[in-house]
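So for the sequence shown, our numbering puts the first residue at 2; every next one is plus one. Even glycine gets a Cβ: it sits at the ideal position worked out from N, Cα and C. Below is one structure; the comments refer to it alone.
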Amino acid sequence: MSKQKLITIIMPAMLFLIAGIFLFAFPDNKTDNSEPQYFVNRGFIFGTYYNIHYYAPQDLEQEILERLQRFDNSLSAFNPQSVISKVNNNVDTVTDSYFEHVFNLAEHISELSDGAFDLTVAPLVNVWGFGFDSRDKVSSAVIDSLLDIVGYRKVRLENHRVVKTDPRVKLDAGAIAKGYSCDVVAELLEQHHCNSYLVDIGGEIVCRGSNSNGEPWAIGIDKPIDDPTGTQHKLQAIVRAPHLALATSGNYRQFYYDNGVRRSHTIDPRTGYPVNHELLSASVVAPTCAEADALATACMVLGQDKAIELISGIADAECMLICANGNDSTIVMMTEGMKKYVNDSTSFAH
Ligand code: ADP
Ligand code: MG
């Protein structure tokens, strides 16, 4: 066989072999070239649900879940191996970027809200029965002693470690982490060049672009109806925007009655007691969902008038508040800039 002929036989065979190895090593490569379509991923994470829609050439659920698992390993106080649990239990640990982002943003929101939002509220949340530790007997003496170990100035970050002024100080990221997890998923989708998506984790939302009908996403804000089961949904308003982060905090799902006194899961870190005022729910729009989530909780602590004052003073943040108005009726208050997102807030209100 001539040398020329041998090359013409061997070359195509080698090309086939290389192509085969390539396909074997990168099996997903083919799907990257598929036509984009709307995917919907639904399930449970961090004790709540996720409901994620996106327009992409491939299903990204595994990647999303891996990222959320990493997130859980950082910020879930219910996960004994997480960074936050180790910090709470005084186990020496190096902090990661998720933890540091939440810690620094939380400190900023604490300052803006005059201490209404505070990660160190954990011992109070626990004693009132809404936290990662079991509920305890409450008395004014107990609350007074816990107030000694609550306050965002009692912790700081130094060289990727948390330094506490007292080892009993504990952190609870429950009012900011859900929102931040939406940002984390949105960031992943952006890395995959998705520009139409809606990420809903436990009711906190980040959305961009349009839905499968080509319309901007429409997000329902629930009426604050007392419902510990979390199964009743009646709409108070619909929010629409091409790109938005929105979080809602309320006291109508997580509460109990103690000798006739209503105890809700939003605790004022300055008094040590669950808040009890006419503000039933606060929905906040902000550049990121982590900020929206923390600010919504701050609003719930502050009450309607101070909440409007707080949010009006923050560029790019808006809010809609639903307040009790006696006789089972409610009134809706919102910052001026919120009106462009909300249609129908009164057509649903009765
Ligand atoms: P929702 O569950 O309605 O989204 P939030 O975002 O307000 O509510 O989170 C409520 C949780 O935040 C509580 O269960 C508790 O763990 C924690 N928390 C309560 N009060 C405060 C506070 N003042 N600052 C920070 N976190 C709080
Ligand atoms: Mg919150």
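Query, Result
"Integer Cβ distance of Ile222 from Asp294, believed to fall under 8 Å", "That belief does not hold up - the Cβ atoms of Ile222 and Asp294 are roughly 15 Å apart, past 8 Å."
"Nearest-angstrom Cα separation, counted from Val103 out to His161", "13 Å"
"Which listed residue (Asp329, Glu319, Ile332, Ala325) has its alpha carbon closest to that of Lys340", "Glu319"
"Three-state class that DSSP yields for Asn344 in the structure shown", "strand"
"Spatial distance of Glu205 from Ser141 (CA atoms)", "34 Å"
"Neighbourhood of the ligand MG [Cβ distance below 5 Å to any heavy atom], ordered by chain position", "Ala176, Ser250, Asp294, Ala297, Thr298"
"Among Leu280, Val276, Ala316, the one whose alpha carbon lies nearest that of Glu292", "Ala316"
"Beta-ladder partner(s) of Met335, from DSSP", "Met321"
"Segment contact, 8 Å Cβ cut-off, at least three pairs: the stretch 200-214 with the stretch 304-316", "no"
"Any non-hydrogen atom of the ligand ADP within 7 Å of Ile206 CB", "no"
"Gly132 CB to nearest heavy atom of the ligand ADP below 7 Å", "yes"
"Helix, strand or coil at Thr32 [DSSP, three-state]", "Here Thr32 scores only 49 on pLDDT, less than 50, and its place in the model is too uncertain to base an answer on."
"Beta-carbon proximity of Arg263 to Gly231, cut-off 8 Å", "no"
"Rounded separation between Ile53 and Val143 - CA only", "42 Å"
"Alpha-carbon to alpha-carbon, Val84 and Val128", "22 Å"
"Contact set for Phe133: own chain, Cβ-Cβ below 6 Å, skip 5 residues either direction", "Ala78, Phe79"
"Given 8 Å, three or more beta-carbon pairs between the stretch 65-78 and the stretch 180-187", "yes"
"Met381 and Ser284 closer than 8 Å at C-beta", "Past the edges of the chain, shown from 2 to 351, lies residue 381, and the structure says nothing about it."
"Candidates Leu296, Ser197, Pro275, of which the one nearest Asp125 by Cα", "Checking the sequence, you will find Leu at residue 125 rather than Asp. Of the listed residues, the one whose Cα sits closest to Leu125 is Pro275."
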